[in-house]
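A short worksheet on the structure shown next.
Here it is as structure tokens:
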């Protein structure tokens, strides 16, 4: 997935697809010292109502069998319920991205104690979430285990820790200087294999960026 940033600062930008759909909003108040970054993500809604993260749909409870059904004859209720499985679901019942956003995470930056990640009802010290593996020419090396059970390593770029395969990167924006230098919008890109953990990658990337800029 290739996301385009609205601004030069990843901690104060929207992240949009190339078609213009905003997927994340990241905000960080202007600060002279430690502060808190908030990340919101686009959520699927039906007519403006968020259905939660579950994509499952429950059928209505089966009614009590009638005397005809007990003798092997389908009642009208059973025929109707059978039809639910056979007919395609109305498109109005499928959650779509309609421009609504839900809180996903906060990063509380602290100067004299552990900074913290708050996400999925968890409140985790950053030094517990990450383990440090020294330095590389790209910067401080930090490793974390994502919700897919795999370990990933940030060195300004994202690698799978077990194979050293690069699976993500951030490209800084740059101004257009005519024929000398072609301008570009800042972007954040991850391999398709990492899209299921994109929320976590955005959160960890923003932390890495802010810490390296401080």
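Numbering (the numbering used here), first residue to last: 175 to 388. The beta carbon of each residue, even a glycine, is placed where N, CA and C say it ideally should be. Bear in mind the structure is a predicted one, so any value in this text is a computation, not a measurement.
> If we ignore side chains and look at the alpha-carbon of each, how far apart do residue 163 and residue 356 end up?
Replying inline: Outside the shown range of the chain (175 to 388) lies residue 163, about which nothing can therefore be said.
> What are the residues that DSSP puts in a beta bridge with residue 194?
Replying inline: By one-based count along the chain shown, residue 194 stands at place 20. Per DSSP, none; premise fails for residue 194.
> Could you give the C-beta distance for residue 178 and residue 193, rounded to a whole number, given that I count them as a contact under 8 Å?
Replying inline: The residue you call residue 178 lines up with position 4 of the chain shown. The residue you call residue 193 lines up with position 19 of the chain shown. Actually they are not in contact, since the Cβ atoms of residue 178 and residue 193 sit about 10 Å apart, beyond 8 Å.
>> Quick check: residue 335 and residue 317, are their CB atoms within less than 7 Å of each other?
In response: Here residue 335 refers to the residue found at position 161 when the chain shown is read from its first residue. Here residue 317 refers to the residue found at position 143 when the chain shown is read from its first residue. A contact, by the Cβ cut-off of 7 Å.
> Grouping DSSP H, G and I as helix and E and B as strand, with all else coil, what is residue 377?
Replying inline: On the chain shown, position 203 is the one that residue 377 refers to. Residue state, collapsed to three classes: helix.
> If we cut at 7 Å on Cβ distances, does residue 361 have a partner in chain C?
Replying inline: Among the chains in the structure shown there is no chain C, since it carries only a single protein chain.
> Mind checking whether residue 274 and residue 217 have CB atoms under 7 Å apart?
Replying inline: Sequence index remark: in the chain shown, residue 274 carries index 100 (1-based). Sequence index remark: in the chain shown, residue 217 carries index 43 (1-based). Yes, the pair counts as a contact, with Cβ atoms nearer than the cut-off.
>> Give me the residue from 282, 195 and 198 with the minimum Cα distance to residue 385.
In response: Against the chain shown, residue 385 aligns to sequence position 211. Ranking the options by Cα distance to residue 385, first place goes to 282.
> How is the beta strand (DSSP E) around residue 302 delimited, first residue to last?
Replying inline: As a working note, residue 302 is residue 128 in the chain shown. Element bounds for residue 302: not the beta strand (DSSP E) but the alpha helix (DSSP H), 300-303.
> Comparing alpha-carbon positions, which option in 349, 362 and 348 lies nearest residue 342?
Replying inline: Walking along the chain shown from the start, residue 342 turns up at place 168. Looking at the Cα atoms, 362 is the closest of the given residues.
> Can you tell which of 210, 208, 299 and 186 has the C-alpha that lies nearest to the C-alpha of residue 200?
Replying inline: Here residue 200 refers to the residue found at position 26 of the chain shown. For residue 200, the nearest C-alpha among the options comes from 186.
> Which one or two residues does DSSP pair with residue 281 in a beta bridge?
Replying inline: As a first step, residue 281 must be located in the chain shown, where it is residue number 107. Paired residues: 211 and 291.
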